[in-house]
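Note that the numbering used here has the sequence shown beginning at 17, numbered continuously upward. Heads up, the beta-carbon is just placed ideally off N, CA and C, and yes, glycines get one too. Worksheet: the structure to be examined is printed underneath.
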Amino acid sequence: MTAITEDGTLDEALERVHSTGPEFQGWLSNHAPMTVEALARHGQARAVHRWLDSYRHRTEDLPTAALTITDANWHEALGDARHLGSWIAHFTRLTAELPWADVLTTWWPRLLPGIIAGATHPVIRVGHAVRTLLTDGETAPRTAELAHALGYWAARHQPLPGTVTPSGTAGPHRALDAIPVYAAVQEGGIRDRLARLPAADGWPAAASGLRRPAGPDDAHDLLAELVRATVARYPRYAHGDAVMLVHAATAPNAVLRVLPALPRALWVPSLAAAWEASAVITAAYAPARALFAGAGAGAAATMEESFALAAAHGDAHVIKLADTAWDVGGPAALAATARACELIEPGDG
Numbered sequence: 017m018t019a020i021t022e023d024g025t026l027d028e029a030l031e032r033v034h035s036t037g038p039e040f041q042g043w044l045s046n047h048a049p050m051t052v053e054a055l056a057r058h059g060q061a062r063a064v065h066r067w068l069d070s071y072r073h074r075t076e077d078l079p080t081a082a083l084t085i086t087d088a089n090w091h092e093a094l095g096d097a098r099h100l101g102s103w104i105a106h107f108t109r110l111t112a113e114l115p116w117a118d119v120l121t122t123w124w125p126r127l128l129p130g131i132i133a134g135a136t137h138p139v140i141r142v143g144h145a146v147r148t149l150l151t152d153g154e155t156a157p158r159t160a161e162l163a164h165a166l167g168y169w170a171a172r173h174q175p176l177p178g179t180v181t182p183s184g185t186a187g188p189h190r191a192l193d194a195i196p197v198y199a200a201v202q203e204g205g206i207r208d209r210l211a212r213l214p215a216a217d218g219w220p221a222a223a224s225g226l227r228r229p230a231g232p233d234d235a236h237d238l239l240a241e242l243v244r245a246t247v248a249r250y251p252r253y254a255h256g257d258a259v260m261l262v263h264a265a266t267a268p269n270a271v272l273r274v275l276p277a278l279p280r281a282l283w284v285p286s287l288a289a290a291w292e293a294s295a296v297i298t299a300a301y302a303p304a305r306a307l308f309a310g311a312g313a314g315a316a317a318t319m320e321e322s323f324a325l326a327a328a329h330g331d332a333h334v335i336k337l338a339d340t341a342w343d344v345g346g347p348a349a350l351a352a353t354a355r356a357c358e359l360i361e362p363g364d365g
């Protein structure tokens, strides 16, 4: 794993980001914290502040905290976006009082059932924050970033009706291939699609198609395979919705990045939630037919070159997919980044 260059760029960027809220225009996600972390990690630190300057019009001020969240009222405030500022303030207090890993361990199982919240952007943001803390060490801006990410997730917490539990016999590749295309579901925005999905014919069986892990280590391996499968699928299915299908890969990879900071007892439920995220996004956005995209006309020869192409493209989703593709490596990862650069217009994210 590539380490952050210790020149202060990421911490400076996070301090800039933390004057803004996690959303803009009502509910669209602020991708800045995730994007600058990926840029700084993969040799593009010089582009970080320039990228932030170009993204400024897609941010709004940090919302104020109107409610003090406590042990007595957090259940009622969970999933209430009116308390977005209050949730961020709550986790800022917690991470100032307790080790960040303890806060994460307490709240991860509480938040995990709502992994689809905010189109999975909150859990992705948590994954970027935890990766930095584990790999590069703790600083005040990095701990604050985890607090902002957890607060965003708590405010947008959104469980799906029913439970998606791996109980089949298929590995991730076959389980994803078995998810039906629901024409009636694939209309409108993500919240409309999610509302219709649980009642769709065949959904419960398809959602349970992934095999049950034998234990924590097997859950880890299945999760890593799920990330590889979603990256490999992206070039062939991205024409369905090139932006939204990015999350089928980046959401489970965020969970994979968090596992080393969690007790092993949480690894199996973490896999189940990650599978739910990928399965839901696949059902809601994957097209009926795959397209053979080859290696991609613009595919780079190395991961370094591939990420540089994503950075030059500039779109947040392209950069974040390239970051996940870097973790996977190989021709499929190079093709995924090239396909995203081809299909996503700069500024879409």
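- Of the residues HIS164, TRP169 and ALA293, the one whose Cα lies closest to the Cα of ASN269 is ALA293.
- Using a C-beta cut-off of 8 Å, the stretch 21-30 makes contact with the stretch 152-160, since at least three inter-stretch Cβ pairs fall below that distance.
- Collapsing the DSSP output to three states places THR86 in coil.
- Runs of the alpha helix (DSSP H) lying entirely within the stretch 230-292 and spanning at least 4 residues, in chain order: 232-253 and 263-274.
- Sixteen is the threshold: since fewer than 16 other Cβ atoms of the shown chains lie within 10 Å of the Cβ of PRO177, the residue is exposed.
- The continuous alpha helix (DSSP H) containing PRO49 extends over residues 48-57.
- Contact between PRO303 and TYR253 holds, with the beta-carbon distance rounding to 6 Å and staying under 8 Å.
- About 7 Å separates the CB atoms of GLY130 and GLY95; that is less than 8 Å, so the two are in contact.
- A straight line joining the alpha-carbon of GLY346 with that of TYR301 spans about 25 Å.
- From the listed residues LEU350, PRO220, LEU78 and LEU83, the smallest Cα separation to ALA194 is found for PRO220.
- Pairing GLY330 with TRP123 gives a Cβ-Cβ distance that is not under 8 Å.
- Straight-line measurement puts the Cα of HIS34 at about 17 Å from the Cα of ALA56.
- In this structure ALA165 touches ALA145 by the C-beta definition: roughly 5 Å separates them, less than 8 Å.
- Following the DSSP letters along the chain, one finds ALA112 inside the alpha helix (DSSP H) bounded by residues 100-113.
- Fewer than three beta-carbon pairs drawn from the stretch 234-244 and the stretch 318-332 are found closer than 8 Å, and the two stretches are therefore not classed as touching.
- Distances from the CA of GLY225 to each of ARG212, LEU242 and ARG209 were compared; the closest alpha carbon is that of LEU242.
- Excluding residues up to 5 positions away in sequence, PRO38 and PRO138 lie with their Cβ nearer than 6 Å to the Cβ of TYR168 in the same chain.
- A Cβ-Cβ distance of about 7 Å is found for the pair VAL262 and ALA356, placing them in contact under the 8 Å criterion.
- The continuous alpha helix (DSSP H) containing HIS65 extends over residues 64-71.
- Rounded to whole angstroms, LEU287 and ASP69 show a C-alpha spacing of 37 Å.
- Between the C-alpha atoms of HIS173 and ILE360 there is a straight-line separation of about 28 Å.
- Shown here, ALA300 sits in a helix according to DSSP, grouped into three states.
- For ALA338, same chain residues with a beta-carbon under 7 Å away, outside a window of 5 residues either side, are SER322, PHE323, ALA326 and THR353 in chain order.
- A straight-line Cα-Cα distance of about 20 Å links TRP90 and ALA117.
- Comparing alpha carbon positions, the residue from PHE107, GLU113, ARG126 and VAL296 closest to ALA191 is VAL296.
- Its Cα nearest to that of THR179, the residue TRP291 stands out among ALA317, TRP291 and THR111.
- Taken in chain order, the whole alpha helix (DSSP H) runs of length 4 or more contained in the stretch 135-161 are 137-152.
- Around the CB of ARG207, fewer than 16 other CB atoms lie within 10 Å, so the residue is classed as exposed.
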